[in-house]
Amino acid sequence: SQKIEQNSEALNIQEGKTATLTCNYTNYSPAYLQWYRQDPGRGPVFLLLIRENEKEKRKERLKVTFDTTLKQSLFHITASQPADSATYLCAPQGGYSGGYQKVTFGIGTKLQVIP
Amino acid sequence: GAVVSQHPSRVICKSGTSVKIECRSLDFQATTMFWYRQFPKQSLMLMATSNEGSKATYEQGVEKDKFLINHASLTLSTLTVTSAHPEDSSFYICSARGGRGIAKNIQYFGAGTRLSVL
Chain A
449 SQKIEQNSEA
459 LNIQEGKTAT
469 LTCNYTNYSP
479 AYLQWYRQDP
489 GRGPVFLLLI
499 RENEKEKRKE
509 RLKVTFDTTL
519 KQSLFHITAS
529 QPADSATYLC
539 APQGGYSGGY
549 QKVTFGIGTK
559 LQVIP
Chain B
-3 GAVVSQHPSR
7 VICKSGTSVK
17 IECRSLDFQA
27 TTMFWYRQFP
37 KQSLMLMATS
47 NEGSKATYEQ
57 GVEKDKFLIN
67 HASLTLSTLT
77 VTSAHPEDSS
87 FYICSARGGR
97 GIAKNIQYFG
107 AGTRLSVL
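In order, the protein sequences belong to chains A and B.
The first sequence begins at 449 in my numbering and counts up by one.
The second sequence begins at -3 in my numbering and counts up by one.
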């Protein structure tokens, strides 16, 4: 069955450093992969989408890589700030529901940026 | 980004009552809406997918008679938890997507509804 693995342990880093979050998936080949941010008690917020034929995508301080050979995506936040503290969800495309492709969410990695 | 409004944000009800949660896309037409459930420290679990004007498609293990979904227009979907019980207490989140091409795969989420059944 399809499986998504994110570092389930919390990641603590010092303000100003680069945070790197890992997402590994097994038993399928998503055509695209998304990253979302979720704050406590809130719904997720879309950050970036990367397609299988794109190695890297950037948006301001965010960078996502997608290695279809390793079946892995890395999510980087450069010059991290305390406001970046949140849970980050990896969401590869997977399966169909209601006639449309659905997205499967990982459990997320909780990032804590320490001032 | 697109805005999805979800109401209420929190509801407390007695066991046996029904609760309706609304999800609206405010500035775009949502061809597809999704309903998720999330328990503490767990991932989002898809409950059902609904397309405007048609019946919802429920995920395996989700009781369609208990979780009634109506997607009457391109901007509104509702989830009704019928005869709620304490085990239904959870965080319910809706999402909507529209757009074309690869953008149609991006989901915009509501703020979620915390349901507590006493």
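Virtual Cβ for every residue (Gly too), placed ideally from N, Cα, C.
Neighbour flag for residue 17 of chain B against chain A, beta carbons, 7 angstroms: By one-based count along the second sequence, residue 17 of chain B stands at place 21. It does not: the Cβ of residue 17 of chain B has no partner Cβ on chain A nearer than 7 angstroms.
The stretch 66 to 98 of chain B: positions lying closer than 9 angstroms to chain A by Cβ: 87, 89, 90, 91, 93 and 98
Inter-stretch contact at 8 angstroms, needing at least 3 Cβ pairs: the stretch 498 to 510 of chain A / the stretch 550 to 562 of chain A: no
Within the stretch 21 to 62 of chain B, ranges of the beta strand (DSSP E) (whole runs, at least 3 residues): 28 to 34 and 41 to 47
Test: residue 492 of chain A CB closer than 7 angstroms to a CB of chain B: Reading the first sequence from its first residue, position 44 is the one you call residue 492 of chain A. At least one chain B Cβ lies under 7 angstroms of residue 492 of chain A.
Interface flag, residue 498 of chain A vs chain B, CB-CB below 7 angstroms: The residue labelled residue 498 of chain A in the question sits at position 50 within the first sequence. Not closer than 7 angstroms to any Cβ of chain B, the Cβ of residue 498 of chain A fails to qualify, so no.
Bridge partner(s) assigned by DSSP for residue 504 of chain A: Residue mapping note: residue 504 of chain A aligns to position 56 of the first sequence, counting from 1. Residue 504 of chain A pairs with A/513.
Residue 102 of chain B: contacting residues in chain A (beta-carbon distance under 8 angstroms): Residue numbering aside, residue 102 of chain B sits at position 106 when the second sequence is read from its first letter. Correct list: 482, 494 and 497.
For residue 530 of chain A and residue 461 of chain A, the rounded distance between their alpha carbons: On the first sequence, residue 461 of chain A is found 13 positions in, with the first residue counted as 1. On the first sequence, residue 530 of chain A is found 82 positions in, with the first residue counted as 1. One C-alpha to the other measures close to 10 angstroms.
Rounded distance between the beta-carbons of residue 522 of chain A and residue 470 of chain A, thought under 8 angstroms: Within the first sequence, residue 470 of chain A is the residue found at index 22, counting from 1. Within the first sequence, residue 522 of chain A is the residue found at index 74, counting from 1. Yes, residue 470 of chain A and residue 522 of chain A are in contact; Cβ-Cβ is about 6 angstroms, under 8 angstroms.
Of the listed residues A/536, A/526, A/479 and A/493, nearest to residue 500 of chain A (C-alpha basis): On the first sequence, residue 500 of chain A is found 52 positions in, with the first residue counted as 1. Here the closest residue by C-alpha is A/479.
Chain A contact residues for residue 38 of chain B, given Cβ-Cβ distances below 7 angstroms: Here the question's residue 38 of chain B lines up with position 42 in the second sequence. Within 7 angstroms Cβ-Cβ: 555.
Residue 486 of chain A versus residue 561 of chain A - alpha carbon distance: Residue numbering aside, residue 486 of chain A sits at position 38 when the first sequence is read from its first letter. Residue numbering aside, residue 561 of chain A sits at position 113 when the first sequence is read from its first letter. Roughly 15 angstroms between the two C-alpha positions.
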